[in-house]
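Enquirer: Numbering (UniProt numbering), first residue to last: 1 to 223.
Just so it is clear, CB atoms sit at the ideal spot from N, CA and C, and this is done for glycine as well.
Please read these numbers as outputs of a predicted model, since none were measured by experiment.
1) Residue 218 to residue 212, Cα distance in whole Å?
2) Expressed to the nearest angstrom, what Euclidean distance is found between the alpha-carbon atoms of residue 210 and residue 164?
3) Just the C-alpha distance for residue 128 and residue 52, rounded to the nearest angstrom, thanks.
4) Rounded to a whole number of angstroms, what is the C-alpha to C-alpha distance between residue 155 and residue 161?
5) On the DSSP bridge assignment, give the partners of residue 100 in chain order.
6) Do you know how far the Cα of residue 166 is from the Cα of residue 54?
7) In three-state terms, what does DSSP make of residue 209?
8) Within the chosen definition, does the region 200-207 reach the region 97-109 through at least 3 CB pairs nearer than 8 Å?
9) With a threshold of 7 Å on Cβ separation, who are the neighbours of residue 76 within its own chain once the five nearest residues in sequence on each side are excluded?
10) Look at residue 94 and residue 65 and say whether their C-beta atoms are less than 8 Å apart.
11) Just confirm the distance between the C-beta atoms of residue 176 and residue 112, as a whole number of angstroms; I'd bet it's less than 8 Å.
12) Taking the alpha helix (DSSP H) that residue 185 belongs to, which residues open and close that run?
13) Relative to the C-alpha of residue 50, which candidate in 73, 58 and 215 has its C-alpha closest?
14) Cutting at 6 Å between CB atoms, please list the residues of its own chain near residue 143, excluding the five before and the five after it.
15) Assuming residue 137 contacts residue 124 (C-beta within less than 8 Å), just tell me the rounded distance between them.
16) Among 60, 82 and 159, which residue has its Cα nearest to the Cα of residue 91?
17) Span of the alpha helix (DSSP H) holding residue 219?
18) Suppose the cutoff is 6 Å on Cβ atoms and the five residues either side in sequence are ignored; what does the same chain contact list for residue 57 look like?
19) Closest by CA to residue 169, which one among 189, 152, 151 and 159?
20) Can you check which of these residues, 115, 63 and 152, is closest to residue 179 by C-alpha distance?
21) With DSSP run on the structure shown, which of helix, strand or coil describes residue 21?
22) Give the straight-line distance between the Cα atoms of residue 204 and residue 100, rounded to the nearest whole angstrom.
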C-alpha cells in the first residue's frame, strides 16, 4: 500500500507542488503561501446580492452566528479557496444546526488549510470566541511534544478503570474532511500507512483496513 505521494515543500513561504497517485488516480494540487493564496482566490459572482443570501441566525447559538455579520458575509461570500471551497460551505453546518440553548457549538468548518486565510475575517473571531481569547492574528500556539514532561500517569484504580489518548492531525496538501474527495481519502490512508510502517520497537504494530478486515480480526480487536 505504499503511496507515490510526492511533495516538494520548502516551508510556508515557498510554493509547493505535490502529485498524488492513489489507486490509479492521479491527483495534482498546489500549496500556496499566504500571499499567493490571497492572490489566487477566485471570485464566483452570483445572481443575487450578498444581502439576499445572508442566513437568518437570530435563533442560533453557535460561535459562527455570534461572529458573522452582514458586512463580513458580503466581503467573503463570492470568494473561493484554490480548491473551490466557499464561505457558504464553511458555515452551512452552523446554519442547519442552530445549536443547544445551553451548549455553544462552533458552527462552521474549514474545507482546506487555505480556508483559514481566505476566510480569516470570520475564522479568526470564531477561533477567538471558541478558545477563550486566543487571537490567531497576534498570538502563536506553542507545540511541545516532549513526552518526558508527562508525569504521574498512573491513575487511582479506585476511580479510573481505563483511559485513552486520542490524537489527530491533517496532512498538508490534502483537503480537510468537509471537502475531501474519494481520491484524497485514499491518499490519506496511503500516507498514514506509509508513516505507520516506519515505526519500530514498542511503537510498531499492525494496520487494519476496515474494508478488508475479517470477522476474526474484528473480534480479536474487540476482545
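Expert: Result, derived from the coordinates:
1) In the chain shown, the residue the question calls residue 218 occupies position 218. In the chain shown, the residue the question calls residue 212 occupies position 212. So the alpha carbons of these two residues sit roughly 10 Å apart.
2) Taking the first residue of the chain shown as 1, we reach residue 210 at position 210. Taking the first residue of the chain shown as 1, we reach residue 164 at position 164. Using only the alpha carbons, I get a separation of about 21 Å.
3) The residue labelled residue 128 in the question sits at position 128 within the chain shown. The residue labelled residue 52 in the question sits at position 52 within the chain shown. Their Cα atoms are separated by approximately 28 Å.
4) Here the question's residue 155 lines up with position 155 in the chain shown. Here the question's residue 161 lines up with position 161 in the chain shown. When rounded, the separation of the alpha-carbon atoms in residue 155 and residue 161 is 9 Å.
5) Looking up residue 100 in the chain shown gives position 100. According to DSSP, residue 100 bridges with 103.
6) For the purposes of this step, residue 54 is taken as residue 54 along the chain shown, with counting starting at 1. For the purposes of this step, residue 166 is taken as residue 166 along the chain shown, with counting starting at 1. Near 37 Å, if we compare the C-alpha coordinates of residue 166 and residue 54.
7) Locating residue 209 in the chain shown gives position 209, where the first residue counts as 1. Coil at residue 209, not helix or strand.
8) Inter-segment contact for the region 200-207 and the region 97-109 is absent: fewer than three beta-carbon pairs are separated by less than 8 Å.
9) Position 76 of the chain shown, counted from the first residue, corresponds to residue 76. Cβ within range, chain order: 87, 119, 121 and 122.
10) Counting from one through the chain shown, the residue named residue 94 turns up at place 94. Counting from one through the chain shown, the residue named residue 65 turns up at place 65. The answer is yes: Cβ separation under 8 Å.
11) Taking the chain shown and counting its residues from 1, the one referred to as residue 176 is at position 176. Taking the chain shown and counting its residues from 1, the one referred to as residue 112 is at position 112. Rounded, the Cβ-Cβ distance is 6 Å, consistent with contact.
12) Translated into positions along the chain shown, residue 185 becomes position 185. Segment 182-197, the alpha helix (DSSP H) holding residue 185.
13) For this step, residue 50 is matched to residue 50 along the chain shown. By alpha-carbon distance to residue 50, the top candidate from 73, 58 and 215 is 73.
14) The residue labelled residue 143 in the question sits at position 143 within the chain shown. Nothing meets the Cβ criterion.
15) Indexing the chain shown from 1 puts residue 137 at position 137. Indexing the chain shown from 1 puts residue 124 at position 124. A Cβ-Cβ separation of about 6 Å places residue 137 in contact with residue 124 under the 8 Å criterion.
16) Translated into positions along the chain shown, residue 91 becomes position 91. Of 60, 82 and 159, the residue nearest in Cα terms is 60.
17) Within the chain shown, the letter at position 219 stands for residue 219. 215-222 is the span of the alpha helix (DSSP H), which, as asked, contains residue 219.
18) Working through the chain shown from its first residue, we reach residue 57 at position 57. Counting only Cβ-Cβ distances below 6 Å, and skipping sequence neighbours, we find 65.
19) As a first step, residue 169 must be located in the chain shown, where it is residue number 169. If we check each option's Cα against that of residue 169, 189 comes out closest.
20) Reading the chain shown from its first residue, position 179 is the one you call residue 179. Closest option to residue 179, Cα to Cα, is 115.
21) Here residue 21 refers to the residue found at position 21 when the chain shown is read from its first residue. Per-residue confidence for residue 21 stands at a pLDDT of 38, beneath the threshold of 50, marking its modelled position as unreliable; no derived number is given.
22) As a first step, residue 204 must be located in the chain shown, where it is residue number 204. As a first step, residue 100 must be located in the chain shown, where it is residue number 100. Spanning the two alpha carbons is a distance of roughly 42 Å.
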